[in-house]
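So the sequence lines, in the order shown, correspond to chains H and C.
With this note's numbering applied, the first sequence covers 31 to 201.
With this note's numbering applied, the second sequence covers 1377 to 1902.
Idealized CB from N, CA, C, for every residue including glycine.
It should be emphasised that the depicted structure is a prediction, and the values quoted were computed from it without experimental measurement.
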Amino acid sequence: MKNVLNNIFKPKVCRQMPKGDADFDKLGFALKTEIHAVFGRSLAIRALDSGSDNSAEIELNNLSNPYYDIERFGLSFVASPRHADILIVTGAVSQNMAIAVRKTFDAMPSPKLVIALGDDACGSSIVCGGYGVLGGVDKILPVDLKIPGNPPEPIQIITALLGLMRSLGKK
Amino acid sequence: MKIPDLYTYLSEFLSPAINPLRLEKGANKDYYLGLDWAEAAALYPKLAEDGFGLIGLFGLEGFRGYEGLSLLYVFEKRNYSGALVIIRRTDSPVASIAAIFPSACYFEREIRDGYGCEFENAFDRRRLWLHETYPANFHPLVKSFKNQPLSLPAGVEDEALYPFKKVSGEGVYEVGVGPVHAGIIEPGHFRFSAIGEPVLNLEIRLFYKHRGLEKLAVGRDIDFGLKIAESVSGDESAANTYAYSSAVEHICSVRPPRRAEQLRLILLEMERLYSHLSDLSGMLTDVAYPVGAAALMALREELMRWNKRLSGSRFLKGIITPGGLLRDIPAGIVNELADYLRVFEGRFNQQVEKALAKTSVVDRFETTGIINNRLLVPLNITGVAARASGADIDTRLNQPYGLYSELAFEPPVLPEGDVMARFKVRVSEVQTSLGLILQTASRLSAGEYIVPLKPQNGYSLVLVESPRGQSLHWLWLRDGKIERYKVRTASYCNWQAIEHAVLGDIIPDFPLINKSLNLSYAGTDL
């Protein structure tokens, strides 16, 4: 009983939590405003790996760690393409994944956007040009935004998303 | 721990059937032995009986004056330093050795895809790297194939063409997952057969991310090879670039300066730290203990920021290079890192203690996903997975490289083989890594951080302990260019362990078991 009451009335302190990241927060809240203006409420992203070295996915996952906690800005990663506004593709499209990438895109409702994230997905990495990959994502999907980097860091990702939302807002 | 040298052992083991003087030493501690088919056929069972494990098998053309395809079988005997490489020409039929060394199964399928070499009596002839989107009789690793983009694949459905094992009977059902998963994760296909809740059979199909890295390396210079090593698996960049650089250094008979070796060790252990932190956090997420998971993820983010300060990359990319390092790390930063890690240790230990005091965590961890220790040598299971199943192996100690021979530490070994054992082994390794970094940081040498090197002809085998376990790199340089670069990461072997670890557990435990092994798809698919 005492615990329950403490839970309700005592201030909640989280001493272990990191200080956060002021630059990132600034961008994040700006992004939140833009998302609100363009999409009404929130932005749903489906992430898809088509042949990266996995560092890009790790950075996407990091966006949800306590330092960044990107869901505060009205942005969430969803499990199904049917729930998604944006498809973020990481990795050069491998021959073995080409069909799955196409199917994921087709399963999304329109209007939809595609972001190529990382040098592999942008078609500018060393893995392009061989038999194993078709090249960048733009080889098989209409790409709206490219975020280069090997891999792009969280702050670069959110900066790019903010830019995209602003350009959509102007349209 | 004193490690006996494999060569001394081999000279006794091989005679009188095979003259041990035929053993030729490579650039590192690799011993090469050319065998004809009768000798090889007699030797393999003997090797298996004596506890040798097959840790690598790959093909190459034009090796040692034989223009056709040669196969290199790499064997390691646990707790002996060095590797035995058996060279087999394919001028006569090659028999599959998968029945003697089950780890050969994947390797043989891979060679069949790459070179079109058929193995007699192979029990699994399905394609591995090359899915059905590739044309028939397409073998990209043969020299005559000039690497170039292929046209768009036709709309082939894998389903019909790749025969998964059929499990039938009353109440048996199949669950297929992937290649596209629900989270932000790499692609792969899992086919579960279950009856009620327990898993009866799991078959994993990988290689969706096959990018053709080995072919891309052919004919390129040393710098490009480094980029390939870096692309193998993003969060193993330090281990893979180290192994590659080390192979080049062995071939060119160059020793990096002591300062470079010390800083490399710090980078390699930082990689182990941030990798383990993610796994420990992921395991807590999968048993619904997000408070602990978030705390560990915060620590991991801090480590990744340190990576950036040390190397310029959160993934430790672009710093290790043949001859040393591409940039120096000032002593001031290293000292600051040491100060941070002392604080880190307290915060880390506190979180682990809290997590292991939760009955809900312990209940899910214990007796889940057991890897039987009888599987370890046949499947060549490596790294944390092996140490948590009772194997006293760690490449840093068995095949000491860099400065590891000078540092004293014991690999943590637990016998249970379950998720809990893997959790605890990881915790213990984090503590070991902290110790290694602090020791090295406190006696950092001054001086150069890179020495120049000129490409030489030759080949070298390098084994390193990445955070996921042992990785094998074999590099052959000719006329300043890469003739063949073969990488086999720890994940490649450990994937096969999952198929056994899940048996009898329920499907909802699969994500936890998977996370406790943390395997890289990119590092497997290449």
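query = Considering only the beta carbon of each residue, do alanine 1403/C and histidine 1626/C sit closer than 8 Å?
reply = yes
ask   = What separation, rounded to the nearest whole angstrom, lies between the Cα atoms of aspartate 99/H and arginine 112/H?
value = 24 Å
inquiry  = Quick check on glutamine 1807/C: does DSSP put it in helix, strand or coil?
reply    = helix
Three-state secondary structure assigned by DSSP to tryptophan 1682/C = helix
ask   = Under 8 Å, do tyrosine 1835/C and alanine 1731/C count as touching if we go by C-beta distance?
value = no
task = With a 10 Å radius around its C-beta and 16 neighbouring C-beta atoms as the bar for buried, classify lysine 15/H as buried or exposed.
result = Because chain H spans 31 through 201 in this model, residue 15/H falls outside it and cannot be assessed.
request  = Just grab the DSSP bridge partners of leucine 1653/C for me.
outcome  = DSSP, once it has assigned bridges, lists no residue as partnering leucine 1653/C.
request  = With 8 Å as the C-beta to C-beta threshold (strictly closer), list the residues of the stretch 1564 to 1597 of chain C near chain H in chain order.
outcome  = Phe1583, Tyr1584, Lys1585, His1586, Arg1587, Gly1588, Leu1589, Lys1591, Leu1592
query = So lysine 1862/C packs on phenylalanine 1434/C, CB below 8 Å; how close in whole Å?
reply = 5 Å
task = Please state whether DSSP places glutamate 1546/C in a helix, a strand or coil.
result = coil
Residue from Gly70/H, Phe107/H, Thr134/H with nearest C-alpha to glutamate 89/H = Phe107/H
task = Kindly list, in the order they appear in chain H, the residues whose Cβ is closer than 7 Å to that of glutamate 1562/C.
result = Asp79, Asn84, Glu87
message = What would DSSP say about glycine 1552/C, mapped onto helix, strand or coil?
response = strand
query = Can a CB atom of chain B be found closer than 8 Å to the CB of aspartate 1715/C?
reply = Included in the structure are the protein chains H and C, with no chain B among them.
query = Are aspartate 1381/C and alanine 1459/C close, meaning C-beta to C-beta below 8 Å?
reply = no
message = Whole angstroms are fine: how far does the CA of alanine 1898/C sit from the CA of glycine 1722/C?
response = 34 Å
message = Give me, in chain order, the residues of the same chain whose beta-carbon lies closer than 8 Å to that of threonine 189/H; leave out the 5 immediate sequence neighbours on both sides.
response = Leu57
query = What does a CB cutoff of less than 6 Å around serine 1609/C pick up in its chain, not counting 5 residues either side in sequence?
reply = Ser1896, Ala1898, Gly1899
message = Counting only C-beta atoms, is glycine 162/H closer than 8 Å to chain C at any point?
response = yes
query = Are leucine 1589/C and isoleucine 1571/C touching if we call contact CB-CB under 8 Å?
reply = no
query = Applying the criterion that 16 or more other CB atoms from any shown protein chain within 10 Å of the CB defines a buried residue, is glutamate 1452/C buried or exposed?
reply = buried
message = What does the alpha-carbon distance come out to for the pair glycine 81/H and glycine 160/H?
response = 13 Å
request  = Would you mind reading off the limits of the beta strand (DSSP E) that contains tryptophan 1852/C?
outcome  = 1845 to 1854
message = Here's the rule: buried if 16 or more other CB atoms are within 10 angstroms of the residue's CB, otherwise exposed. What is tyrosine 1326/C?
response = Look at the range of chain C in this structure, 1377 to 1902, and you will see that residue 1326/C is not part of it.
Between the CA atoms of alanine 128/H and glutamate 1573/C - distance to the nearest angstrom = 33 Å
key: Burial state of valine 1511/C (16 or more Cβ within 10 Å)   = One point to set straight first is that residue 1511/C is proline, not valine, in the sequence displayed. That one is exposed.
message = Measuring straight from C-alpha to C-alpha, what distance separates alanine 151/H and glutamate 1612/C?
response = 20 Å
request  = Under 7 Å between beta-carbons, which chain H residues line up against glycine 1344/C? List them in chain order, please.
outcome  = Because residue 1344/C is not part of the residues shown, which for chain C are 1377 to 1902, the question remains open.
task = Work out the CA separation of isoleucine 1858/C and alanine 146/H for me, nearest whole Å.
result = 31 Å
inquiry  = Using a Cβ-Cβ cutoff of less than 7 Å, which residues in the same chain neighbour serine 1867/C once the five nearest sequence positions on both sides are dropped?
reply    = Arg1844, Leu1895, Ser1896, Gly1899, Thr1900
Contacts that phenylalanine 107/H makes with chain C (C-beta to C-beta distance below 7 Å) = Ile1560
Environment of glutamate 1677/C [buried if 16+ CB atoms lie within 10 Å] = buried
task = At 7 Å on the CB atoms, spell out the chain C contacts of asparagine 91/H, in chain order.
result = Ile1560
request  = Please say whether glutamine 1638/C and leucine 1810/C have beta carbons closer to each other than 8 Å?
outcome  = no
key: Cβ-Cβ separation, glutamate 87/H to alanine 77/H (assumed contact under 8 Å), whole Å   = 7 Å
ask   = For leucine 143/H, which three-state DSSP category applies?
value = strand
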